[in-house]
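The structure appears right after this line, and notes come after that.
Residue numbers (my numbering): 715 to 942.
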């Protein structure tokens, strides 16, 4: 039976680096992302230990059907909630569309976690919520983005309390800036030059995967990753 790791937002950036590292570690990766072009490309590259599911993480019906399909493919070992979109603006420039975009990540995190917990009968699974250092502090051009990440942090901490002492393990990950196209729509805030000083996504992915797959009789509950 396959040991399965589910990764949301795995078509690009840190998510893609997590996909590659998980395959390297011998896990069967189920990748959920809405980027049709990139997902089709990945489906052609990875013909073993990989299956892509194209859709929106905030679509409850899609996620429910996807998790039900995945649970019949093997043993769901890990869920990594990675998907999300930023919006970096001064407070008075935010509009409803920006708010909805930012909050899709939180919605998807809750929906995916709920369905995986049901599929696993609330046993023997790790839920890894990748957030941001924006969940640890406020930033002047990230008010709505920070609100989302603080919400994700609250959800993560509540899950930890709900499943304390059980075989469900919940891990919060708080990385700083990563050198990916995450900032492509916010060049007035993060220039390409500044982006290139951020952390390497492969190194960040390696740090996350090595910790969550550790066979030691312990769980790293929080991972804060910063630049040297």
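Backbone N, C-alpha and C define an ideal beta-carbon position, used for all residues, glycine too.
The model shown is predicted, which means the values in this text are computed figures rather than measured ones.
Excluding the five sequence neighbours on either side, which residues of its own chain have a C-beta within less than 7 Å of the C-beta of residue i, listed in chain order?
| i | result |
| --- | --- |
| residue 748 | 768, 769 and 770 |
| residue 926 | 792, 840, 842 and 885 |
| residue 790 | 718, 720, 784, 830, 833, 834 and 839 |
| residue 715 | 788 and 789 |
Given this structure, state the Cα-to-Cα distance separating residue i from residue j, to the nearest angstrom.
| i | j | result |
| --- | --- | --- |
| residue 875 | residue 883 | 10 Å |
| residue 878 | residue 907 | 43 Å |
| residue 816 | residue 797 | 11 Å |
| residue 721 | residue 919 | 12 Å |
| residue 730 | residue 743 | 11 Å |
| residue 811 | residue 819 | 14 Å |
| residue 835 | residue 880 | 12 Å |
With distances taken Cα to Cα, identify the nearest neighbour of residue i among the options.
| i | options | result |
| --- | --- | --- |
| residue 909 | 881, 900 and 824 | 900 |
| residue 870 | 935, 750, 724 and 723 | 935 |
| residue 745 | 765, 754 and 738 | 765 |
| residue 776 | 822, 741 and 800 | 822 |
| residue 813 | 848, 852, 933 and 861 | 861 |
Closer than 7 Å to a non-hydrogen atom of the ligand MN - does that hold for the CB of residue i?
| i | result |
| --- | --- |
| residue 857 | No copy of the ligand MN occurs in the structure displayed, which carries no ligand at all. |
Within a Cβ cutoff of 6 Å, which residues of the same chain sit near residue i, ignoring the five residues on either side of it in sequence?
| i | result |
| --- | --- |
| residue 912 | 891, 892 and 893 |
| residue 827 | 841 |
| residue 873 | 884 |
| residue 723 | 729, 747, 796 and 797 |
Just to confirm my understanding: we take residue i, look at its own chain, exclude 5 residues before and 5 after, and list those with CB closer than 8 Å. What are they?
| i | result |
| --- | --- |
| residue 895 | 726 and 727 |
Pair every Cβ in the region 796-810 with every Cβ in the region 844-858, then say whether three or more of these pairs are closer than 8 Å.
yes
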